[in-house]
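Visitor:
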Amino acid sequence: MRAVVTVIGKDKTGIIAKVSTFLSEKGVNILDISQTILQEYFAMIMLVDLSNSKEKLAALADECGVMGEKIGMSIHLQHEDIFNAMHSV
Amino acid sequence: MFNYSDVLETIDMVEREHLDIRTITMGISLLPCIRESAESTAKRVYDKVCSKAENIVKVADELSKEYGIPIVNKRVSVTPVSLICAAFPQKAPLLAKALDDAAKVVGIDFLGGYSALVHKGTADYEKQFIMSIPEALASTQKLCSSVNIGSSKSGINMDAVALMGDIIRQTASATADKDGFGCAKLVVFCNAVEDNPFMAGAFHGVGEGDTVINVGVSGPGVVQHAIEAIPEANLTDLSEMIKRTAFKITRAGQLIAKEAATRLNAQFGIVDLSLAPTPARGDSVAQILEEMGLESVGTHGTTACLAMLNDAVKKGGVMASSRVGGLSGAFIPVSEDIGMIEAAEKGNINLDKLEAMTAVCSVGLDMIALPGDTSAATISAIIADEAAIGMINNKTTAVRVIPVPGKGVGEEVNFGGLLGRAPIMAVHNQSSNKFIARGGLIPAPIHSNKN
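First to last, the protein sequences are chains P and G. Residues are numbered in the numbering used here as their position in the first sequence, beginning at 1, plus a constant of 20. So that you can map any letter, position 182 of the second sequence is 174 in the numbering used here, and since no number is skipped, the others follow by simple counting.
1. Compare the Cα-Cα distances from E186 of chain G to each of G:N385, G:A221, G:M150 and G:I262 and report the closest residue.
2. Counting only Cβ pairs nearer than 7 Å, list the residues of chain P close to L247 of chain G.
3. Using a cut-off of 7 Å between C-beta atoms, extract the partners of I61 of chain G located in chain P.
4. Quick check on the burial criterion: 16 or more other C-beta atoms within 10 angstroms. Buried or exposed for L135 of chain G?
5. Under DSSP, the alpha helix (DSSP H) around L247 of chain G begins and ends at which residues?
6. Determine the direct distance from the alpha carbon of M93 of chain P to that of V139 of chain G, and round the result to whole angstroms.
7. So which residues on chain P does L0 of chain G lean against when the C-beta distance must stay under 9 Å?
8. Just reading off the beta strand (DSSP E) that T26 of chain P is part of, what are its end residues?
9. Measure from the alpha carbon of V(-1) of chain G to the alpha carbon of each residue in G:L103, G:E251 and G:K240, then state which is nearest.
10. Which chain G residues are close to D82 of chain P, counting only those with a beta carbon under 7 Å from its beta carbon?
11. Alpha carbon to alpha carbon, how far is A278 of chain G from G285 of chain G? Give it in angstroms, no decimals.
12. Please report the straight-line C-alpha distance between D229 of chain G and E282 of chain G, rounded to a whole angstrom.
13. At which residues does the alpha helix (DSSP H) containing G213 of chain G begin and terminate?
14. If you reduce the DSSP assignment to three classes, tell me which class T15 of chain G lands in.
15. In terms of residue numbering, what span does the beta strand (DSSP E) encompassing E404 of chain G cover?
16. Just how far apart, CA to CA, sit K119 of chain G and E127 of chain G?
17. Whole angstroms are fine: how far does the CA of T270 of chain G sit from the CA of I50 of chain P?
18. Counting only the same chain and skipping the five closest in sequence on each side, list residues whose C-beta sits under 7 Å from that of G197 of chain G.
19. Tell whether a beta-carbon distance below 9 Å holds between T457 of chain G and A130 of chain G.
20. Identify every run of the beta strand (DSSP E) within the region 40 to 75 of chain P, keeping only runs that are complete inside it and at least 3 residues long; order them along the chain.
21. Using only alpha-carbon positions, find the residue among G:D39, G:G142 and G:P62 that is nearest to V98 of chain G.
22. Go ahead and pull the three-state DSSP assignment for V326 of chain G.
23. Given a cut-off of 9 Å on the beta-carbon distance, is the pair T389 of chain G and G432 of chain G in contact?
24. Tell me where the alpha helix (DSSP H) around A79 of chain P begins and ends.
25. If you pair each beta-carbon of the region 78 to 92 of chain G with each one of the region 45 to 54 of chain G, do three or more pairs fall below 8 Å?
26. Buried or exposed: P325 of chain G, going by 16 or more other Cβ atoms within 10 Å of its Cβ?
27. Taking the beta carbon of G157 of chain G as the centre, do at least 16 other beta carbons fall within 10 Å, making it buried, or is it exposed?
28. With distance defined between alpha-carbon atoms, name the residue in G:L22, G:I160 and G:V204 nearest to G172 of chain G.
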């Protein structure tokens, strides 16, 4: 199962390091990363594979939200199908 | 890999524009629960709802987290209860209690289907059942009721229309301590649909499968935002933008509906493409119409704007879902829409304009507070007008009005939460008594003879 992680917030040092460390601890494999700065805001989208994840998607999504609050970023982890459904015919 | 704008658009829709799945509604057939006595039937009904809907809240919460999209309501609709208790209608309250208890146990928000279908005639057992509605709604919390009094194929059962005026008044009296709140759980329909996931009018039609998942999407805020982005667009372009937005919203609904059906071991029923407002600012159908260029909803041009909105939502949504049904259109409940509430407070919208609007959208006169002394005949006449619009135009229309005990025009009623607040709206003072007292059936229109 694949999911999309989005990280949005004010740019600062070490965001990618923190997020990828967290994902690696959870057994989540990063397949693709795309990151940019949009009007001073850090925006990153990751495509991740949950096949070896230690936790279910719903629990992981909750934890991403909590971690986001800790580091002052908005972090979402969502099943990739929601984006496939809404943005492709 | 996904592109930024698509991903961020989805997140914006949820976080800033109130995109949500308004409801996952499980339709459950109660026909196999019928037994010789009311007591054993009620037990079977309770058991079936508890077992079929056991996981609906859990699954909805899981899906909501996995896909990152809120699912606001979890509901159940059942076979019209008048059919289940046809052999013992005097004991219908037992079923009301069993259903309400089951709804509380499984943790759903509402359970619909305390309903009767009397569009062509009222059998004695149905009349007895309908008479039980006021007390049933007053003594339960989650139960919702509806009565279908007309259809394009059968005409309008004016005896039932007359009865419902009285039943609405009785329901208001029975819940007078809560400003007539019981009436917010009672809908009178013409052309009721069997797969509607929205309350208070949801019931599970007899032509449906045993257990079905119907999903209602929403997203007035998303549509409003899309229109805001193209302030100078002409109406053709506006319509295209609404279609594209409705497509995206509906695709989310289709995905959730299919997944919910699989996980709940139920048949995937339909996606209802409705724009359902809430009292939150930025989640309003009225504000969409105002964004289109009206100073206030209710002014001249409102009906045209609403007609275009309703049509564009359907065109965009139909392509996005394999099965579309329910009511599918824009809802205009007064108390549940901040734009409507404000227009009503300023006197910019009235009952007559709302009636005209219901000719071009789903569904009808919805969540409108009336003076407490509005007569039963006047309420019946309001129902008859609305049913006539539905019958002639082959569409669903409905009336959900609350004659608020002890209150009059200029005062306000506040139901709280998603049901919102509403200023009491004036009705015409001239009598409709003689018309309603005539009874009988308004025959089906000529265009119903299609065979």
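We put the beta carbon where it would ideally sit given N, CA and C, even for glycine.
Guide: If we stick to the structure as given:
1. Translated into positions along the second sequence, residue 186 of chain G becomes position 194. Per the Cα distances, G:I262.
2. Residue mapping note: residue 247 of chain G aligns to position 255 of the second sequence, counting from 1. Listed along chain P, the residues sitting closer than 7 Å to L247 of chain G by beta-carbon distance are D101, I102 and A105.
3. Start at 1 with the first residue of the second sequence, and residue 61 of chain G comes out as number 69. At a C-beta separation below 7 Å, I61 of chain G has these neighbours in chain P: I102.
4. The residue labelled residue 135 of chain G in the question sits at position 143 within the second sequence. Buried, because 16 or more other Cβ atoms sit within 10 Å of the Cβ of L135 of chain G.
5. Here residue 247 of chain G refers to the residue found at position 255 of the second sequence. L227 to R255 is the span of the alpha helix (DSSP H), which, as asked, contains L247 of chain G.
6. Indexing the second sequence from 1 puts residue 139 of chain G at position 147. Indexing the first sequence from 1 puts residue 93 of chain P at position 73. C-alpha of V139 of chain G to C-alpha of M93 of chain P: approximately 50 Å in a straight line.
7. Residue 0 of chain G sits at position 8 when you count from the first residue of the second sequence. Those are T26, I28, L58, A63 and I65, listed as they occur along chain P.
8. As a first step, residue 26 of chain P is located in the first sequence; it is residue number 6 there, counting from the start. Here the beta strand (DSSP E) through T26 of chain P covers R22 to K30.
9. Translated into positions along the second sequence, residue -1 of chain G becomes position 7. Ranking G:L103, G:E251 and G:K240 by Cα distance to V(-1) of chain G puts G:K240 first.
10. Position 62 of the first sequence, counted from the first residue, corresponds to residue 82 of chain P. Taking the beta carbon of D82 of chain P as reference, the chain G residues within 7 Å of it are K57, listed in sequence order.
11. Position 293 of the second sequence, counted from the first residue, corresponds to residue 285 of chain G. Position 286 of the second sequence, counted from the first residue, corresponds to residue 278 of chain G. Taking the Cα positions, G285 of chain G is about 11 Å away from A278 of chain G.
12. Numbered from its first residue, the second sequence carries residue 229 of chain G at position 237. Numbered from its first residue, the second sequence carries residue 282 of chain G at position 290. Distance between the alpha carbons of D229 of chain G and E282 of chain G is about 17 Å.
13. Within the second sequence, residue 213 of chain G is the residue found at index 221, counting from 1. In the DSSP assignment, G213 of chain G falls within the unbroken alpha helix (DSSP H) covering P212 to E220.
14. Locating residue 15 of chain G in the second sequence gives position 23, where the first residue counts as 1. In this structure, T15 of chain G counts as strand in the three-state DSSP scheme.
15. Sequence index remark: in the second sequence, residue 404 of chain G carries index 412 (1-based). Membership of E404 of chain G in the beta strand (DSSP E) is indicated by the continuous run E404 to N406.
16. The sequence position of residue 119 of chain G within the second sequence is 127, counting from 1. The sequence position of residue 127 of chain G within the second sequence is 135, counting from 1. Rounded to whole angstroms, the separation of the alpha carbons of E127 of chain G and K119 of chain G is 14 Å.
17. Here residue 50 of chain P is taken as the residue at index 30 of the first sequence, counted from 1. Here residue 270 of chain G is taken as the residue at index 278 of the second sequence, counted from 1. Taking the straight line joining both Cα atoms gives about 39 Å.
18. Residue 197 of chain G sits at position 205 when you count from the first residue of the second sequence. For G197 of chain G, where only same-chain residues beyond five positions count, the Cβ hits under 7 Å are E186 and D187.
19. Summary: the structure shown does not reach residue 457 of chain G, with chain G confined to residues -7 through 443, and so no result is reported for it.
20. With a minimum length of 3 residues, the continuous beta strand (DSSP E) runs that stay inside the region 40 to 75 of chain P are 49 to 58 and 61 to 69.
21. The count along the second sequence starts at 1 and reaches residue 98 of chain G at position 106. Taking only the C-alpha atoms, the option nearest V98 of chain G is G:D39.
22. By one-based count along the second sequence, residue 326 of chain G stands at place 334. If DSSP states are grouped into helix, strand and coil, V326 of chain G belongs with coil.
23. Your numbering for residue 389 of chain G matches position 397 in the second sequence. Your numbering for residue 432 of chain G matches position 440 in the second sequence. Not closer than 9 Å, so no.
24. Along the first sequence, one-based indexing puts residue 79 of chain P at 59. Start and end: L77 to I91.
25. Contact between the region 78 to 92 of chain G and the region 45 to 54 of chain G is not established, with fewer than three Cβ pairs separated by less than 8 Å.
26. Residue 325 of chain G sits at position 333 when you count from the first residue of the second sequence. Buried, by the Cβ-count rule.
27. Along the second sequence, read from residue 1 onward, the residue named residue 157 of chain G stands at position 165. Burial call: buried.
28. Here residue 172 of chain G refers to the residue found at position 180 of the second sequence. Ranking G:L22, G:I160 and G:V204 by Cα distance to G172 of chain G puts G:I160 first.
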